[in-house]
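Here the sequence shown is numbered in the working numbering, starting from 531 and rising by one per residue. Every residue gets a Cβ at the ideal spot worked out from N, C-alpha and C, and that includes glycine. Here the structure is a predicted model, which means the values were calculated and not measured. Single-structure report; data block below.
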Amino acid sequence: GFVKIAKKFDKTFKDHKGLFKGNNCDDGKKAEVLAGKMERLYANWFCDGDIREAQAQMLSKRGDGLMMDWTQLRLGYRLGMCSILALWVAWDCVWGQLSRGEVSIGGRTAFPVFRGCFGLLAWHWFWGLSVYVWTRYRINYIYLFEFDPRNVDTPIDIFNDAVDETLVFLICMLLYYKTESDDQLFPDLIPPGAYPMFLILYTIKCMIFPWKLRKPLWNSIRQVLLASFVSPTFFLT
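Right, here's the structure in full:
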């Protein structure tokens, strides 16, 4: 980097050519010596003297910087919305059962629908967490699982999709529970059964579209179902 900057300066400002000649940034040797010293210190302190492991750990990783962008802000406030809705649902279920003896949502007719959708939603969250850990520690999961690199989402994209799905899930659960309760705080304009039906349709939509990103999922399901009839691969094991 030092050498390139010095050469670029010499080409751009020909009247001042050679200004950095003989200084520390002329050939970058002192910077290399300093970098080697830091790598040896890090290796001795944290890697049992392994220089290669120290160099790998000292490489910059995504997320190390302190720069804040709008994607993280958007994810943060939507996570806050999910937390508030989750507390609201939990409070209504517990308080309704304790104060008025009402059956919680666990005893309602559509609870198996919400339970099944929650299983798929939890799988999406755990997948995003796994991808984040693999990306953070440079595990080439794309190669191991034989994914197409062009159709792989980043951890932030996965978390954004999971947050959107969680918001829809919690809103449908809350509206279903409120419209079936006896307090009549929510107008009964829409039948209670419409909310779990909408959640089912929304879940099917998320599992199919966008097809370019969901196609590997269905290919993986097909490979698992046909695992007994084909040669085993690392993904199937």
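**Prompt:** Are P685 and V661 touching if we call contact CB-CB under 9 Å?
**Reply:** Here the question's residue 685 lines up with position 155 in the sequence shown. Here the question's residue 661 lines up with position 131 in the sequence shown. Contact flag set, yes.
**Prompt:** Which residue comes first and which comes last in the alpha helix (DSSP H) that contains V682?
**Reply:** To locate residue 682, count along the sequence shown from 1; it is residue 152. Counting along the chain, V682 falls outside any alpha helix (DSSP H), and DSSP gives it neither H nor E.
**Cutoff 7 Å; reference G658; Cβ partners in own chain excluding five residues on either side** = In the sequence shown, the residue the question calls residue 658 occupies position 128. If we look at G658 and ignore the five residues flanking it on each side, its Cβ neighbours are P685, I688, F689 and A692.
**Asked** Going by the CB atoms, is the gap between P726 and A620 shorter than 9 Å?
**Response** Here residue 620 is taken as the residue at index 90 of the sequence shown, counted from 1. Here residue 726 is taken as the residue at index 196 of the sequence shown, counted from 1. Taking 9 Å as the Cβ cut-off, A620 and P726 do not qualify as a contacting pair.
**Request:** Could you check the C-alpha separation between L756 and F739 for me, to the nearest Å?
**Result:** Residue numbering aside, residue 756 sits at position 226 when the sequence shown is read from its first letter. Residue numbering aside, residue 739 sits at position 209 when the sequence shown is read from its first letter. Roughly 24 Å separates the two Cα atoms.
**Prompt:** What alpha helix (DSSP H) runs, 4 residues minimum, are completely inside the stretch 641-712?
**Reply:** 641-666, 671-674 and 685-710
**Item:** CA-to-CA distance, V533 to K544, given in whole angstroms
**Value:** For this step, residue 544 is matched to residue 14 along the sequence shown. For this step, residue 533 is matched to residue 3 along the sequence shown. Cα to Cα, the separation comes out at about 16 Å.
**Prompt:** If we ignore side chains and look at the alpha-carbon of each, how far apart do W655 and P762 end up?
**Reply:** Position 125 of the sequence shown holds residue 655. Position 232 of the sequence shown holds residue 762. Using only the alpha carbons, I get a separation of about 28 Å.
**Asked** Below 9 Å between beta carbons: does that hold for C647 and S634?
**Response** Against the sequence shown, residue 647 aligns to sequence position 117. Against the sequence shown, residue 634 aligns to sequence position 104. Not closer than 9 Å, so no.
**Asked** Three-state secondary structure (DSSP) at F539?
**Response** Within the sequence shown, residue 539 is the residue found at index 9, counting from 1. Correct three-state label for F539: helix.
**Message:** Our contact map puts V682 next to I672 with C-beta atoms below 8 Å; I'd like the distance itself, whole angstroms only.
**Reply:** Taking the sequence shown and counting its residues from 1, the one referred to as residue 682 is at position 152. Taking the sequence shown and counting its residues from 1, the one referred to as residue 672 is at position 142. Correct: roughly 6 Å between the Cβ atoms.
**Request:** Can you tell me which of the three DSSP states F739 falls into?
**Result:** On the sequence shown, position 209 is the one that residue 739 refers to. Reduced to three states, the DSSP call for F739 is coil.
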